[in-house]
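Since the structure comes first, as structure tokens, the remarks are kept for the end.
Number of protein chains: 2
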Amino acid sequence: MSAQIPVASPSFLKCSQCSLGKLCLPVGLDTQDMHRLEEIIESAAPYQENEAVYEADQPFKRIYAVKSGMFKTQVSDAQGNEHIVGFHLPGELFGLDAIYPQKYVSTAVALGTASVCAINYSDLEDLSTKLPSLQRQLLSLMSKEVHTSQSMNIDQTAEQKLAAFILTLSSRYKQRGYSDTRFNLLMPRRDIANHLNMAPETISRLFKRFQNEGLIAIQRNDLNILDMDRLQTLAGCSSSC
Amino acid sequence: MSAQIPVASPSFLKCSQCSLGKLCLPVGLDTQDMHRLEEIIESAAPYQENEAVYEADQPFKRIYAVKSGMFKTQVSDAQGNEHIVGFHLPGELFGLDAIYPQKYVSTAVALGTASVCAINYSDLEDLSTKLPSLQRQLLSLMSKEVHTSQSMNIDQTAEQKLAAFILTLSSRYKQRGYSDTRFNLLMPRRDIANHLNMAPETISRLFKRFQNEGLIAIQRNDLNILDMDRLQTLAGCSSSC
DNA sequence: ACTCCCCCTTGACGCAAATCAATGCAGCTG
DNA sequence: CAGCTGCATTGATTTGCGTCAAGGGGGAGT
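Going line by line, the protein sequences match chains A and B.
The opening position of the first sequence corresponds to residue 1 in my numbering, with each subsequent residue numbered one higher.
The opening position of the second sequence corresponds to residue 242 in my numbering, with each subsequent residue numbered one higher.
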């Protein structure tokens, strides 16, 4: 009855047994190539809430794929303000922005218990020259990342931004086989606000308004989308259609 | 105004003779490998002001490197509003955001007379598996693009955004061997405003204020940076230090 | 040189959302 | 279970910047 939180592929699972393979790095690889990818993937113990995978300015060694739970990546500006760049669901990669500067530019933190596959980037580069499909998928995922960031930049009202945020989460949950109409917001309001460049008070007021207008039902972190169509209209469809 | 099919130009400048090689795709390639890259680069006649290189929704075939002049890329949202995603200087690539969706998501337009190297992406993928240095540089440039897009998302005042914009241009001109303290703004105020999600009036007022405070001198499009340090302080150094 | 047009500038005003401030509420801990 | 702590909500107020409106140039064409 309560909303589902995406849960694990257990940490011992290889790519070939992982349900996320159709979203993640192995897309397009045959069984044999997938085994070669598995060989360079490092398993890791799950992270606890607020535990960091890496921190800004540390030397870049690995990129990460979310195996279970959720992570956020945040940068801090010159005045020391933190900005949350993104939230990362199972099957999504993070750490890609560290390739160019060769050091992490963000800090990656677990929202609740969560786990990753860690991939040595140098090994991944080498393997990518041998497996064209892997290279293609890597470039494709980076391109997607560019596009995602760019679409965050378009000028929207607070209302549009929050509606689009909800819809983005919805569609990403759906891709992963979870309900696209009911899910838990794993991050606090403050983090949503920060990510969308808004005040937490505004988030609160908008959630209430959406609820009053029958678009959603929300209590605490349990979000229920009641009218997807109107929500999409409201969002200007910028993120999910 | 419609997309132009590149035509062979007699004055085609090869990568090995191009002064932009140290910024562009050939970074890290030896002479022999650079020649292999040259083989897949298509030459094109210069574009005229406001002429489009490609338009949104066209099928993705090529990525582009700016050879001379400047281009802007713009997307249009669900309400039909145009948003300028970026300005592209010589040695910079554009069209990378089309890799994932396999169609262009933006329209690329020349600001004044400008020219490109067009690179068939499928050929580039193939060549990248054979030339590890090329693969590395391609991934590195995509990573840089991710970072650039992300840093546009941090919450800043209009003042900070404009200061950061000026400094970004300054540092990119410097990298290319031009003055970092005096250069022409090749785009109209309206385009700067659009790119930064501001009203043109605000741009105008801020330029005036920066001038009154002795940070810059500007008349028409001729911009002179008088106090780089204070400008960086103002910008929160988010884009250039 | 005159005029048209486009862009830029300048000023007045209004609004969306930030900020400030206070209260409510849930989960811990002892 | 009482008290503490941190997050969320709600209301009052402020403000940065967008919008509206009205002038100024500068360049292109006649």
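Every residue gets a Cβ at the ideal spot worked out from N, C-alpha and C, and that includes glycine.
Computed from a prediction, not measured in an experiment: that's the story for all the values here.
Counted within 10 angstroms of its Cβ, other Cβ atoms place residue i as buried (16 or more) or exposed
i, result
"B/R450", "exposed"
"A/R172", "buried"
"B/E386", "buried"
"B/A351", "buried"
"A/A217", "exposed"
"A/A45", "exposed"
"A/L91", "Reading off the sequence shown, one finds Gly at residue 91 of chain A, where the question assumed Leu. With 16 or more Cβ atoms within 10 Å of its Cβ, A/G91 is classed as buried."
"A/H147", "buried"
"A/V53", "buried"
"B/G418", "exposed"
"B/G291", "Checking the sequence, you will find Asn at residue 291 of chain B rather than Gly. Exposed: under 16 other Cβ atoms inside 10 Å."
"B/T272", "exposed"
"B/K308", "buried"
"B/G321", "exposed"
"A/A78", "exposed"
"B/T354", "exposed"
"B/N483", "Any question about residue 483 of chain B goes unanswered here, given that chain B covers just 242 to 482."
"B/H329", "buried"
"B/Q258", "exposed"
"A/S170", "buried"
"B/S260", "exposed"
"A/T107", "buried"
"A/L223", "buried"
"B/S363", "exposed"
CB contact check: residue i to chain B, cutoff 7 Å
i, result
"A/E49", "no"
"A/G236", "yes"
"A/P200", "no"
"A/P10", "For A/P10, the pLDDT reaches just 49, beneath the cut-off of 50, and the residue's location in the model is therefore unreliable, leaving the point undetermined."
"A/Y64", "no"
"A/I41", "no"
"A/R230", "no"
"A/T129", "yes"
"A/Y100", "yes"
"A/S68", "no"
"A/V85", "yes"
"A/S179", "no"
"A/S122", "no"
Beta-carbon contacts of residue i that lie in its chain and below 8 Å, excluding the five residues immediately before and after
i, result
"B/L337", "I304, L382, M383, E386"
"B/L437", "A399, K402, L403, F406, I444"
"B/S420", "Y414"
"B/L372", "L270, D274, R277, L278"
Cutoff 7 Å; reference residue i; Cβ partners in own chain excluding five residues on either side
i, result
"B/S369", "L375, Q376, L379"
"A/Q211", "A217, I218"
"B/K344", "D298, Q299, P300, F301"
"A/L231", "A163, I166, L167, L215, I225"
Cutoff 6 Å; reference residue i; Cβ partners in own chain excluding five residues on either side
i, result
"B/T443", "A399"
"A/Y47", "A110, A114"
"B/I433", "I444"
"B/M242", "Because B/M242 carries a pLDDT of 40, less than 50, the predicted location of this residue cannot be relied on, and the following value inherits that uncertainty. Nothing meets the Cβ criterion."
Residue-chain proximity (residue i, chain A), Cβ-Cβ < 7 Å
i, result
"B/F301", "no"
"B/T337", "The sequence given here places Leu at residue 337 of chain B; Thr does not occur at that position. Yes, because at least one Cβ of chain A sits closer than 7 Å to the Cβ of B/L337."
"B/Q378", "no"
"B/D318", "yes"
"B/N394", "yes"
"B/K385", "yes"
"B/N438", "yes"
"B/Q391", "yes"
"B/H388", "yes"
"B/P373", "yes"
"B/S411", "no"
"B/S483", "Because chain B is modelled from 242 through 482, residue 483 of chain B falls outside the range shown and cannot be assessed."
"B/S381", "yes"
Which residues DSSP lists as bridging residue i, in chain order
i, result
"B/S309", "B/S356"
"A/S16", "None, per the DSSP bridge assignment."
"B/T314", "B/G327, B/A349"
"B/P287", "Paired residue(s): none; B/P287 is not in a bridge."
"A/N224", "A/R182, A/A217"
"A/A52", "A/V109"
"A/P59", "A/K103"
"A/I41", "A/I119"
Contact test: residue i Cβ vs the ligand SAM heavy atom, cutoff 6 Å
i, result
"A/D123", "The model on display carries no ligand, and the ligand SAM is accordingly not part of it."
- Whole beta strand (DSSP E) runs in the segment 79-133 of chain A with 3 or more residues, listed along the chain? 82-88, 107-120
- Uninterrupted beta strand (DSSP E) stretches inside the segment 388-452 of chain B (no shorter than 3 residues): 423-425
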